[in-house]
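Following: one structure in structure tokens, then a few remarks.
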Amino acid sequence: MDFNMKKLASDAGTFFTRAVQFTEEKLGGAERTELDAHFENLMTRADSTKNWTEKIMRQTEVVLQPNPTARVEEFVYEKLEKKGPARQRTVELLGQYMTDAGNDFGAGTPYGGALIKVGESQKLLGLAEKEFVQASTINFLTPLRNFLEGDYKAMAKERKLLQNKRLDLDASKTRLRKAKAAEARASVSH
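Here it is as structure tokens:
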């Protein structure tokens with residue numbers, strides 16, 4: 001491991017200078033370089049887009065999977081990058097129960113025949129719901145997640161870099177102003 005003491009000291013000095021500049025700006029004692037109004041507007045819109053995207057994504061997940069326990073389980077499987085157990089939708093399960101009950105009563109009886117017909121319809125509804133959830137996840141949630149985990153993270157990284165460069169610039173301006181003031185005082189006193 002190469003331990004460069006000069007780089008460490010330089011990084012610590014830069015961090016300290018930025019911290020001092022940031023603190024002085026917050027306390028109102030230092031000049032702050034303002035960013036372009038259009039750029040500030042874009043940053044505000046990006047933050048708003050991120051917040052609304054997160055809210056819409058969370059609520060869509062609630063609509064697609066109302067059971068909070070199942071959502072947590074799916075989240076864990078997703079983070080572990082494993083495929084979760086295939087589970088039947090409640091409508092499919094109801095359809096299966098109705099079909100089984102109808103067969104038990106007999107397909108020739110009015111009640112049994114009705115249960116079988118409704119049960120098959122419920123199974124089809126369950127399959128359609130499963131396809132809807134899958135399509136919604138792929139075509140709607142995935143692009144939202146890609147925005148949050150890709151584009152917005154890149155914007156946030158660039159914003160932080162810009163903030164650091166602005167702090168460095170303002171700290172340099174402050175040092176220059178102090179040096180000029182000291183030079184002016186020295187020339188007046190001689």
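Going by full-length UniProt numbering, the residue at position 157 of the sequence shown is 157; the numbering climbs one at a time, nothing skipped. The C-beta atom is built at its ideal place from N, Cα and C for all residues, glycine as well.
Check: Grab me the residues of ALA46's own chain with a C-beta within less than 8 angstroms of its C-beta, minus the 5 sequence neighbours each way, in chain order.; Outcome: TYR152 and MET155
Check: Suppose you measure from the CA of TYR111 to the CA of GLY95; what does that come to, to the nearest Å?; Outcome: 15 angstroms
Check: Apply the 10 Å Cβ neighbour rule to VAL116 and answer buried if 16 or more other Cβ atoms are within range, or exposed otherwise.; Outcome: Position check: residue 116 holds Ile in this sequence, whereas Val was assumed. Answer is buried; the Cβ neighbour count reaches 16.
Check: The alpha helix (DSSP H) that contains ALA185, what's its start and end?; Outcome: A small correction: the amino acid at residue 185 is Arg; Ala does not occupy that position in the sequence shown. 152-189 is the span of the alpha helix (DSSP H), which, as asked, contains ARG185.
Check: What residues in its chain sit with their C-beta under 8 angstroms from that of ALA30, if we drop five residues either side in the sequence?; Outcome: GLN21, GLU24, ASP170 and THR174
Check: Between which two residues does the alpha helix (DSSP H) carrying THR137 extend?; Outcome: Premise fails: THR137 is in no alpha helix (DSSP H) and is neither H nor E.
Check: LYS50 and LEU144: beta carbons closer than 8 angstroms?; Outcome: no
Check: Which one of LYS160, THR99 and ALA86 has the shortest CA to CA distance from GLN134?; Outcome: ALA86
Check: Whole angstroms is fine: what's the gap from ILE138's alpha carbon to GLU129's?; Outcome: 14 angstroms
Check: For GLY95, does the three-state DSSP call read helix, strand or coil?; Outcome: helix
Check: Applying the 10 Å Cβ sphere with the 16-neighbour rule, what's the burial state of LEU167?; Outcome: buried
Check: According to DSSP, is MET1 part of a helix, a strand, or is it coil?; Outcome: Model confidence at MET1 stands at a pLDDT of 49, short of 50, so the residue's coordinates are unreliable and nothing is read from them.
Check: Would you please state the rounded distance, in angstroms, between the beta carbons of GLY102 and GLY119? I believe it to be under 8 angstroms.; Outcome: 6 angstroms
Check: Once you ignore the five residues that flank TYR97 on each side, which residues in its own chain have a CB closer than 8 angstroms to its CB?; Outcome: GLY119
Check: Note the first and the last residue of the continuous alpha helix (DSSP H) segment covering LEU35.; Outcome: From DSSP, LEU35 is part of no alpha helix (DSSP H); its letter is neither H nor E.
Check: So, GLU73 versus GLY126, is the Cβ gap smaller than 8 angstroms?; Outcome: no
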